[in-house]
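Here's the structure, in C-alpha cells; my notes come after.
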Ligand code: ZN
Ligand code: FE
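Residue numbers (my numbering): 96 to 334.
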C-alpha cells in the first residue's frame with residue numbers, strides 16, 4: 096500500500112478527502128467544505144496538512160479554507176484558468192499537469208461542465224472528481240454545455256476500471272432512483288441499489304465506488320453520445 100485515503104463528511108452532504116502518502120508522510124485534502132471535521136481527522140491521525148487540492152470554485156468546496164489556514168500552512172492547488180475566482184493559489188495547474196503529494200503523482204483532468212475549469216485529480220487507483228462524476232450520477236451542468244460535460248465524463252470513463260471514484264457529495268440514493276427509471280432491468284444496478292440502501296440506513300458513505308461499477312450502472316457514464324447524455328441530464332433535472 097502506498098497511500099491512505101480518509102473520507103470526511105462535511106456540511107449536509109459534502110465530502111472532503113485526506114490523501115496521505117505513507118512513504119513521505121505528506122497529506123493533502125481534496126476540497127475544503129468545512130474546516131472543523133478536516134482538522135479533527137488530521138488531529139486524530141497525527142497528520143499535518145501539506146496541500147489543499149481544489150476541484151472547483153463553488154462555496155461548498157472552498158468555504159472551509161480560511162479556517163483551515165488559521166491552523167495549518169498548506170500549499171493551495173487549483174485550476175490556473177479559474178485563479179480569478181478561487182482562493183489564492185500557490186500552484187496553478189492545467190490539464191495534463193502532474194502534481195505530487197509526496198511520492199504520489201496526480202494528473203490533472205479538465206472535467207468542465209458543472210462549472211468551467213472544474214478539474215479532477217487522477218492518482219493511480221483513485222480519482223477525485225468533485226462535482227463532475229458522482230456515484231450513479233453526475234453534476235448539474237451550470238456553466239458548460241451538455242457536449243462538454245459528456246466529454247468530461249468520457250475522460251473519466253477512460254481511466255483504469257479498477258480506479259476508485261471519490262466524488263464531492265453523497266447524492267447516491269437520489270441518483271439511484273433516477274438510474275432505476277432509466278434502466279429498470281439492469282441487474283448490476285438493482286444489486287447496487289440494494290447495497291446502497293443498506294449503507295445509507297446505517298449512515299455509511301456510498302463513496303468511493305469502483306469506476307468499473309459506474310460503467311455498469313451509472314446512466315450518465317453509459318450515455319454514448321452528447322445528445323443521449325443531454326436527454327438524460329435534462330430528464331434528471333426535472334425528476
Ligand atoms: Zn459544485
Ligand atoms: Fe458541490
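The beta carbon of each residue, even a glycine, is placed where N, CA and C say it ideally should be. Quantities reported herein were computed from a predicted structural model and do not represent experimental measurements.
Considering only DSSP beta bridges, list what residue i is partnered with.
| i | result |
| --- | --- |
| residue 205 | 214 |
| residue 229 | 232 |
| residue 223 | 216, 261 |
| residue 123 | 114, 146 |
| residue 102 | 112 |
Going by beta carbon distance, what residues of the same chain come within less than 7 Å of residue i, once the five residues before and after it are set aside?
| i | result |
| --- | --- |
| residue 325 | 241 |
| residue 178 | 184, 187 |
| residue 343 | This structure cannot speak to residue 343, because the chain is shown only from 96 to 334. |
| residue 293 | none |
Of all the CB atoms in chain C, is at least one closer than 8 Å to the CB of residue i?
| i | result |
| --- | --- |
| residue 288 | Among the protein chains of the structure shown there is no chain C, as only one such chain exists. |
Applying the criterion that 16 or more other CB atoms from any shown protein chain within 10 Å of the CB defines a buried residue, is residue i buried or exposed?
| i | result |
| --- | --- |
| residue 226 | buried |
| residue 109 | buried |
| residue 229 | buried |
| residue 223 | buried |
| residue 365 | Missing from the structure shown is residue 365; the chain here goes from 96 to 334 and no further. |
| residue 276 | exposed |
| residue 299 | exposed |
| residue 117 | exposed |
| residue 315 | buried |
| residue 332 | exposed |
| residue 191 | exposed |
| residue 279 | exposed |
| residue 200 | exposed |
| residue 263 | buried |
Please list, in chain order, all residues of the same chain as residue i whose beta carbon is under 6 Å from its beta carbon, the five residues on each side excluded.
| i | result |
| --- | --- |
| residue 256 | 306, 307 |
| residue 202 | 193, 217 |
| residue 288 | 271 |
| residue 160 | 127, 182 |
| residue 208 | 236, 239, 243, 244, 247 |
| residue 273 | 331, 334 |
Can you name, in chain order, every residue of its own chain whose Cβ lies under 8 Å from the Cβ of residue i, other than the five neighbours on each side?
| i | result |
| --- | --- |
| residue 112 | 100, 101, 102, 103, 124, 125, 126, 223, 261 |
Query raised in the report: What are the complete beta strand (DSSP E) segments, minimum 3 residues, inside the stretch 152-198?
Result: Runs of the beta strand (DSSP E) inside the stretch 152-198: 170-174, 186-188, 193-196.
**Report entry** Start-end ranges of the alpha helix (DSSP H) lying completely within the stretch 274-319, minimum 4 residues
**Finding:** The stretch 274-319 contains these whole alpha helix (DSSP H) runs: 282-296, 306-312, 314-317.
Report task. Collect the residues with a C-beta less than 5 Å away from any heavy atom of the ligand ZN and give them in sequence order along the chain. Result -> Result (chain order): 153, 226.
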